[in-house]
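S.K.: Here you go, one structure.
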Amino acid sequence: MARRVAALPAGSRITDYISLGVISRTFPRARVRGVLAATDKASVRQRDLPAHVVVYYVIALALYMQSSYREVLRCLLEGIQWLLDPSAVVKVAGKSGISQARTRLGWEPLRQLHDAVVRPIAIGATKDAWYRSWRLVSLDGSTLEVADELANEAAFGRPGVSRGNSAYPQVRFVSLVENGTHVLFGSRMADYRTAEITLAKGVLGGLHKDMLCLADRIFFGFALWSQALDTGSALLWRIKKNLRLACAQRLPDGSYLSHIYPSQRARQRQTDGMTVRVIEYRLAGVVDAEPIYRLVTSILDHRAAPAQELAALYHERWEIETALDELKTHLRGGKIVLRSKTPDLVRQEFYGLMMAHFAIRNLIHEAALKADEDPHRLSFLHAVRVVRRKLPAFNAIPPSTQKGLS
Numbered sequence: 002m003a004r005r006v007a008a009l010p011a012g013s014r015i016t017d018y019i020s021l022g023v024i025s026r027t028f029p030r031a032r033v034r035g036v037l038a039a040t041d042k043a044s045v046r047q048r049d050l051p052a053h054v055v056v057y058y059v060i061a062l063a064l065y066m067q068s069s070y071r072e073v074l075r076c077l078l079e080g081i082q083w084l085l086d087p088s089a090v091v092k093v094a095g096k097s098g099i100s101q102a103r104t105r106l107g108w109e110p111l112r113q114l115h116d117a118v119v120r121p122i123a124i125g126a127t128k129d130a131w132y133r134s135w136r137l138v139s140l141d142g143s144t145l146e147v148a149d150e151l152a153n154e155a156a157f158g159r160p161g162v163s164r165g166n167s168a169y170p171q172v173r174f175v176s177l178v179e180n181g182t183h184v185l186f187g188s189r190m191a192d193y194r195t196a197e198i199t200l201a202k203g204v205l206g207g208l209h210k211d212m213l214c215l216a217d218r219i220f221f222g223f224a225l226w227s228q229a230l231d232t233g234s235a236l237l238w239r240i241k242k243n244l245r246l247a248c249a250q251r252l253p254d255g256s257y258l259s260h261i262y263p264s265q266r267a268r269q270r271q272t273d274g275m276t277v278r279v280i281e282y283r284l285a286g287v288v289d290a291e292p293i294y295r296l297v298t299s300i301l302d303h304r305a306a307p308a309q310e311l312a313a314l315y316h317e318r319w320e321i322e323t324a325l326d327e328l329k330t331h332l333r334g335g336k337i338v339l340r341s342k343t344p345d346l347v348r349q350e351f352y353g354l355m356m357a358h359f360a361i362r363n364l365i366h367e368a369a370l371k372a373d374e375d376p377h378r379l380s381f382l383h384a385v386r387v388v389r390r391k392l393p394a395f396n397a398i399p400p401s402t403q404k405g406l407s
């Protein structure tokens, strides 16, 4: 039985501009054109699908992962038509034309646009985004399944399972998350074989001196810690239970100062060491809790950040798990793989997905500020549904006052 082509809901397209507005307001046309010029990908002649439209199309794909390529393009083009010239005839390219347009564009413009625009957005009034003077962020990684094509398997690989290999190739990515807004930023992707620690080296450049970065124990090591510290950010990372950290000075709050070294030889000679503050604690009455938890922090003054507060704060690291669930379950959809059939288009689709998540999170943050609410209390899934259904609740591009994408 032939598979029925997935379609967007039927009905008036008069509100299609809402989804387009969410995207184009977050990623203004001037910024898109600037990135295209910088990457030498701007259209040199008039096409049915000029480069800047393809950029918006790739981001829109992430909003409609279950719909066909042509249906998503029709939604996008009719939104543009209504904004520019309602009398114009909309010509929707076929699947091969769409693929050719995406291939011409490549993935580098999407990565550069992502890096230029996707950033932390919390302000002083944003609730649950700060610890004292620090902006809370977390570091973690995950994977995404991609289309089962020979080219994708060769480029990205697939994980092994108990019998054979996984059903789909996978890409691995690492991101920072702004805990208070769930904005994923600084993201980097690679093949499945690339370790999260390797990817994290390219992500840490997103840290700044006003941040306090939380990370799990798999990331702790002298080299990565030093790189993160060089950004000026404060750090609070969990460490493995078998790591030896001798007490050099006990502090009044129960934490203690110790030293970490780049090698065993340096440890033995006590040279080239770096001072850290160690916090040890237990979770009494918690089922399946480990016997002891150990954190290290770059905040050496116990008065600036008491041990009890930091121990309680560390659970905020799990905010990145929630943000990743938003990305992979609510936006992409459960058990849905990235649809692109070539490695370059997989990379392009990945950054489109990350930017779509950012656009929705930016919208939620604006709504939370207006309502004087915590962004965590506003449903991400509801926001996705609002955008998909194109309810007339977000006037990013009022048709009566603006004639183009901006």
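Note that the working numbering gives residue 399 to position 398 of the sequence shown, counting from 1, and the numbers run on in steps of one. For every residue, glycine included, the Cβ atom is placed at its ideal position computed from N, Cα and C.
How far does the alpha helix (DSSP H) with residue 30 in it reach, from first residue to last?
M.R.: Run containing residue 30: 30 to 39, per the alpha helix (DSSP H) assignment.
S.K.: Which residues in the same chain have their Cβ closer than 6 Å to the Cβ of residue 146, if we skip the five residues on either side of it in sequence?
M.R.: Hits under 6 Å: 169, 171 and 338.
S.K.: I believe residue 70 touches residue 96 by the beta-carbon criterion, under 8 Å. Please report the beta-carbon distance rounded to the nearest angstrom.
M.R.: Rounded, the Cβ-Cβ distance is 5 Å, consistent with contact.
S.K.: Starting from the Cα of residue 237, find the closest Cα among 223, 213 and 228 and give me that residue.
M.R.: Here the closest residue by C-alpha is 213.
S.K.: Using a 10 Å radius around the Cβ and a threshold of 16 neighbouring Cβ atoms, would you call residue 29 buried or exposed?
M.R.: That one is exposed.
S.K.: Can you give the Cα-Cα distance for residue 160 and residue 193, rounded to whole angstroms?
M.R.: Distance between the alpha carbons of residue 160 and residue 193 is about 7 Å.
S.K.: Does DSSP put residue 373 in a helix, a strand or coil?
M.R.: Coil, per DSSP.
S.K.: Indicate the three-state DSSP secondary structure (helix, strand or coil) for residue 315 in the structure shown.
M.R.: In the structure shown, residue 315 sits in a helix (DSSP, three-state: H, G or I).
S.K.: In this structure, how does DSSP classify residue 248 when only helix, strand and coil are distinguished?
M.R.: The answer is coil: DSSP assigns residue 248 none of H, G, I, E or B.
S.K.: If we require 4 or more residues per run, which alpha helix (DSSP H) segments fall completely within the segment 290 to 359?
M.R.: Whole alpha helix (DSSP H) segments, 4+ residues: 308 to 314 and 320 to 326.
S.K.: If you count every other CB in all the chains shown that lies within 10 Å of the CB of residue 27, and 16 or more means buried, which is it?
M.R.: By the 10 Å Cβ count, residue 27 comes out buried.
S.K.: Here's the rule: buried if 16 or more other CB atoms are within 10 angstroms of the residue's CB, otherwise exposed. What is residue 2?
M.R.: Residue placement at residue 2 is poorly supported in this model, since its pLDDT is 44, which falls under 50; the coordinates are not used for a value here.
S.K.: What residues in its chain sit with their C-beta under 7 Å from that of residue 259, if we drop five residues either side in the sequence?
M.R.: The answer, listed in chain order, is 246, 247, 248, 249, 277 and 279.
S.K.: Assuming residue 156 and residue 173 make a contact with CB atoms under 8 Å, what is their CB distance in whole Å?
M.R.: So it is not a contact: roughly 12 Å between Cβ atoms.
S.K.: Whole angstroms is fine: what's the gap from residue 230's alpha carbon to residue 305's?
M.R.: Cα-Cα distance, rounded: 17 Å.
S.K.: What do you get for residue 141, buried or exposed, if any count of 16 or more other CB atoms within 10 angstroms of its CB means buried?
M.R.: Buried.
S.K.: What residues are listed by DSSP as bridge partners for residue 135?
M.R.: DSSP lists 132 as partners of residue 135.
S.K.: Using the beta-carbon count (16 or more within 10 Å), is residue 119 buried or exposed?
M.R.: Its Cβ being crowded by 16 or more others within 10 Å, residue 119 is buried.
S.K.: Can you tell me whether residue 238 is helix, strand or coil according to DSSP?
M.R.: In the structure shown, residue 238 sits in a strand (DSSP, three-state: E or B).
S.K.: Here's the rule: buried if 16 or more other CB atoms are within 10 angstroms of the residue's CB, otherwise exposed. What is residue 293?
M.R.: It is exposed - the Cβ of residue 293 has fewer than 16 other Cβ atoms within 10 Å.
S.K.: Compare the beta carbon distance of residue 203 and residue 189 with 7 Å and say whether it is the shorter of the two.
M.R.: Contact flag set, yes.
S.K.: If you compare alpha carbons, which of 223, 108, 265 and 364 is closest to residue 350?
M.R.: If we check each option's Cα against that of residue 350, 108 comes out closest.
S.K.: If you measure between the beta carbons of residue 200 and residue 162, is that distance less than 7 Å?
M.R.: Not closer than 7 Å, so no.
S.K.: Residue 260 lies in the beta strand (DSSP E); which residues open and close that run?
M.R.: Note, residue 260: beta strand (DSSP E), 257 to 261.
S.K.: Taking the straight line between their C-alpha atoms, what separation do you get for residue 36 and residue 218?
M.R.: Going from the Cα of residue 36 to the Cα of residue 218 covers about 37 Å.
S.K.: Since residue 73 and residue 62 are thought to touch, with beta carbons under 8 Å apart, how far apart are those beta carbons, to the nearest angstrom?
M.R.: Yes, they are in contact, since the Cβ atoms of residue 73 and residue 62 sit about 6 Å apart, within 8 Å.
S.K.: Going by C-alpha distance, which of 115, 302, 296 and 326 is nearest residue 312?
M.R.: Considering only alpha carbons, the answer is 296.
S.K.: What residue range is occupied by the uninterrupted alpha helix (DSSP H) comprising residue 123?
M.R.: Premise fails: residue 123 is in no alpha helix (DSSP H) and is neither H nor E.
S.K.: For my contact list, residue 182 and residue 127 are in at a C-beta cut-off of 8 Å; report their separation, rounded to the angstrom.
M.R.: So it is a contact: roughly 7 Å between Cβ atoms.
S.K.: Pull up the distance between the alpha-carbon of residue 198 and that of residue 216, whole angstroms please.
M.R.: For residue 198 and residue 216, the distance between alpha carbons rounds to 11 Å.
S.K.: DSSP three-state label for residue 144, please.
M.R.: Three-state DSSP puts residue 144 in a strand.
S.K.: Under the assumption that residue 360 contacts residue 23 (Cβ atoms under 8 Å), give the Cβ distance between them as a whole number of angstroms.
M.R.: So it is a contact: roughly 5 Å between Cβ atoms.
S.K.: So, using beta-carbon positions, are residue 254 and residue 196 closer together than 7 Å?
M.R.: Taking 7 Å as the Cβ cut-off, residue 254 and residue 196 do not qualify as a contacting pair.
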